[in-house]
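FYI, in the numbering used here the residues of the sequence shown are 8 to 144.
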Amino acid sequence: MERNDITPANSDGEPQVETVVIIPEEAVAVEVNAAIYEESSAREAFALQLNEVQTEIAIIRARLQAIRHQAEVVTRTNIGWVDACAHDQLGSYPWLKLSGAAAVAFMTGKLLRRVPLGLMVIAARPLLSAAMRDGMR
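Structure (structure tokens):
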């Protein structure tokens with residue numbers, strides 16, 4: 008339904024015609040219902056996607072917890088195994104024997120720094136070269 012109103016002339020002297028569209032109330036109600044339906048279906052779709060993402064996050068958290076538990080079990084098992092191996096190889100006080108071996112290695116290193124190895128190499132060079140010449144023949 009349309010209604011045309013003729014208004015007074017504009018500055019050019021021509022009459023202005025305005026077109027007014029009258030929309031029945033039923034059509035407005037249908038458009039509003041369609042908009043509400045689209046909005047509610049979009050919200051429902053978003054809610055479903057959100058629910059799926061939350062479910063995936065819960066599954067990933069459960070898997071991560073299982074992996075953490077397995078890592079903890081493996082770590083505890085390996086610590087026990089290493090301790091048992093050390094006791095088998097080094098006896099009842101493995102830490103004492105390991106610290107003693109480290110101290111001996113440290114002292115040996117200090118003593119070897121004081122030995123004039125350069126002089127020994129100079130003295131051994133003719134012997135090494137003679138052995139190499141004999142080995143090539």
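All C-beta atoms, glycine included, are put in the ideal place defined by N, C-alpha and C.
Check                                                                                            : Outcome
heavy atom of the ligand GTP below 7 Å from G125 C-beta                                          : The ligand GTP is not among the ligands present in this structure, which contains no ligands whatsoever.
Host alpha helix (DSSP H) of V111 (start-end)                                                    : P101 to R121
Sequence-distant residues of its chain with Cβ nearer than 6 Å to M127 (five each side left out) : none
Limits of the unbroken alpha helix (DSSP H) element including G125                               : L124 to M143
Nearest-angstrom Cα separation, counted from R50 out to T62                                      : 18 Å
Distance between A112 and G98 (C-alpha atoms, nearest Å)                                         : 20 Å
Per-residue DSSP class, three states only, for G98                                               : coil
Between the CA atoms of M114 and R83 - distance to the nearest angstrom                          : 35 Å
Alpha-carbon to alpha-carbon, V89 and L105                                                       : 14 Å
Through-space distance from A52 to E59, alpha-carbon basis                                       : 11 Å
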